[in-house]
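Trainee:
Residue numbers (our numbering): 1 to 429.
Structure follows, in structure tokens:
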């Protein structure tokens, strides 16, 4: 079939291959890769090595079972407890103390060790009547532990030839690990894209603040920088800790960072942020005109411009995190990540309470000056406009320009499958 003009159409309309040779497996995967599909291959033998190397994602399957994995995990847990117990025995012998009791978690598994411990303790009490410095027989207990090790029958799962060719290896002989790989991969992909978007916006805003606004004399106080830095640090720390959801979604994440949707969304959001900063700067000059030469090396002194830019910048950082965070259907949402959620709520509370002067004591501590009522209203309205405008831009750009549509091979027969599922659900209901 290689080189046949109908092969590309045939391979996109075939789902089951029977009695396929190793070279044919490799050829099928190469053909699908050439057509732009992302391929995954799962195999357990030498005849799958070539296909595993050709696939984007290769998964080697071993001959283990769930019972084997449970026995191995239990054995490893017991080994850790035994090592801890041996350390306790050595410390007790060193300081001339009686042997400690066997940990309850493994006492029922090693009755001979329990008996050896009791016997060693009794012998030590008898021996101390003659010699108060007599120690217990450490070897009698450790020998019993060693004997129990040799008697245990722990299953061993050995790596095969397929493991050498595949980047992933599943200890189980079934393909249940495939869904875990896809879930974790999607979670990592959306986390990477959202982090690039957030960092890009923060860097662009910071570049503007450190250049243009610096020349206008904008400075921030120590307490202001400390509070905003602590809150944003919590957000950055927790943004990558969201776990993948258990159920796979029909929706697909973006395949790469450099696409029209991401670039357009970042640029328009940046334009809205800059427009808001410019407007508030001009509004501050209108309410509190600057007089004379601006000393760029002067110490920080609270004024209307510094206050307005600080509060607006804090709200912009919150909107950057909240709007560009990608949660469900791939990862846990913001409300399911308590640390991130309350970090954003805290930063929002500081920004909007400062703009409306709801807590005067907090504003004075943050070196935020008192503002005219009209200025407070316009500042709060600008912060809301910035937040809502960026949210609308993100949603519209994603709806119009995000390429999330699966390829022909995935969508073919989808209506038939959906109707069959509905029919099966109606029969079971």
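Idealized CB from N, CA, C, for every residue including glycine.
Counting Cβ pairs, one atom from each stretch, are 3 or more of them under 8 Å apart for the stretch 186 to 203 and the stretch 224 to 242?
Mentor: Touching, yes, given that three or more Cβ pairs across the two stretches are closer than 8 Å.
Trainee: Taking just the CA atoms, how far does residue 62 sit from residue 157?
Mentor: Here residue 157 is taken as the residue at index 157 of the chain shown, counted from 1. Here residue 62 is taken as the residue at index 62 of the chain shown, counted from 1. Using only the alpha carbons, I get a separation of about 7 Å.
Trainee: Entirely within the stretch 330 to 356 and at least 4 residues each: give me those alpha helix (DSSP H) ranges in chain order.
Mentor: Segments of the alpha helix (DSSP H) lying fully in the stretch 330 to 356: 338 to 356.
Trainee: Any chance the stretch 350 to 366 sits against the stretch 238 to 251, with 3 or more Cβ pairs inside 8 Å?
Mentor: Cβ pair count under 8 Å is below three, so no.
Trainee: Compute the Euclidean distance between the alpha carbons of residue 163 and residue 51, then round it to the nearest angstrom.
Mentor: Residue 163 sits at position 163 when you count from the first residue of the chain shown. Residue 51 sits at position 51 when you count from the first residue of the chain shown. Cα to Cα, residue 163 sits roughly 12 Å from residue 51.
Trainee: Of all the options 27, 206, 11, 182, which has the alpha carbon lying nearest to the alpha carbon of residue 317?
Mentor: By 1-based counting over the chain shown, the position of residue 317 is 317. Cα-wise, what sits closest to residue 317 is 206.
Trainee: Which full runs of the alpha helix (DSSP H) of 4+ residues lie inside the stretch 16 to 70, going along the chain?
Mentor: Counting only runs of 4 or more, we get 22 to 34, 49 to 54.
Trainee: So, for residue 49: in the same chain, excluding its five sequence neighbours on each side, which residues have a beta-carbon less than 7 Å away from its beta-carbon?
Mentor: Locating residue 49 in the chain shown gives position 49, where the first residue counts as 1. 161, 162, 165, listed in sequence order.
Trainee: Tell me where the beta strand (DSSP E) around residue 404 begins and ends.
Mentor: In the chain shown, counting from the first residue as 1, residue 404 sits at position 404. Note, residue 404: premise wrong, no beta strand (DSSP E); not H, not E.
Trainee: For the beta strand (DSSP E) containing residue 170, name the first residue and the last one.
Mentor: Position 170 of the chain shown, counting from 1, holds the residue named residue 170. Segment 168 to 172, the beta strand (DSSP E) holding residue 170.
Trainee: Which residue's Cα is closest to the Cα of residue 356: 378, 46, 338, 86?
Mentor: Taking the chain shown and counting its residues from 1, the one referred to as residue 356 is at position 356. The residue with the shortest Cα to Cα distance from residue 356 is 378.
Trainee: Just the C-alpha distance for residue 173 and residue 347, rounded to the nearest angstrom, thanks.
Mentor: The residue given as residue 173 occupies position 173 in the chain shown. The residue given as residue 347 occupies position 347 in the chain shown. The alpha-carbon atoms of residue 173 and residue 347 are separated by roughly 49 Å.
Trainee: So, residue 351 versus residue 314, is the Cβ gap smaller than 9 Å?
Mentor: Mapped onto the chain shown, residue 351 falls at position 351. Mapped onto the chain shown, residue 314 falls at position 314. Against a cut-off of 9 Å, the Cβ pair of residue 314 and residue 351 comes out as a contact.
Trainee: Opposite residue 244 in the DSSP bridges: which residues?
Mentor: One-based indexing of the chain shown puts residue 244 at position 244. In the DSSP output, where bridge partners are listed per residue, residue 244 has 331.
Trainee: Between which two residues does the alpha helix (DSSP H) containing residue 285 stretch?
Mentor: Here residue 285 corresponds to residue number 285 of the chain shown, with the count starting at 1. Unbroken alpha helix (DSSP H) run through residue 285: 260 to 287.
Trainee: Measure the beta-carbon distance from residue 324 to residue 224 and round it to whole angstroms, keeping in mind my assumption that it falls under 8 Å.
Mentor: Along the chain shown, one-based indexing puts residue 324 at 324. Along the chain shown, one-based indexing puts residue 224 at 224. About 24 Å separates the two Cβ atoms, so there is no contact after all.
Trainee: Looking at C-alpha atoms only, which residue of 211, 349, 226, 15 is the closest neighbour of residue 380?
Mentor: Taking the first residue of the chain shown as 1, we reach residue 380 at position 380. Closest option to residue 380, Cα to Cα, is 349.
Trainee: Is it right to say residue 307 is buried, meaning 16 or more other beta carbons lie within 10 angstroms of its own, or is it exposed?
Mentor: As a working mapping, residue 307 is identified with position 307 in the chain shown. Residue 307 should be labelled buried.
Trainee: Near residue 335, which residues of its chain fall below 6 Å by C-beta distance, leaving aside the five closest residues on each side in sequence?
Mentor: Counting from 1 along the chain shown, the entry for residue 335 is found at position 335. The answer, listed in chain order, is 341.
Trainee: Residue 14 by DSSP, collapsed to three states: which one?
Mentor: Reading the chain shown from its first residue, position 14 is the one you call residue 14. Residue state, collapsed to three classes: coil.
Trainee: Are residue 251 and residue 183 close, meaning C-beta to C-beta below 9 Å?
Mentor: Taking the chain shown and counting its residues from 1, the one referred to as residue 251 is at position 251. Taking the chain shown and counting its residues from 1, the one referred to as residue 183 is at position 183. Contact: no.
Trainee: Report yes if the C-beta distance between residue 28 and residue 11 is below 9 Å; otherwise report no.
Mentor: For the purposes of this step, residue 28 is taken as the residue at position 28 of the chain shown. For the purposes of this step, residue 11 is taken as the residue at position 11 of the chain shown. Result yes, Cβ atoms of residue 28 and residue 11 sit closer than 9 Å.
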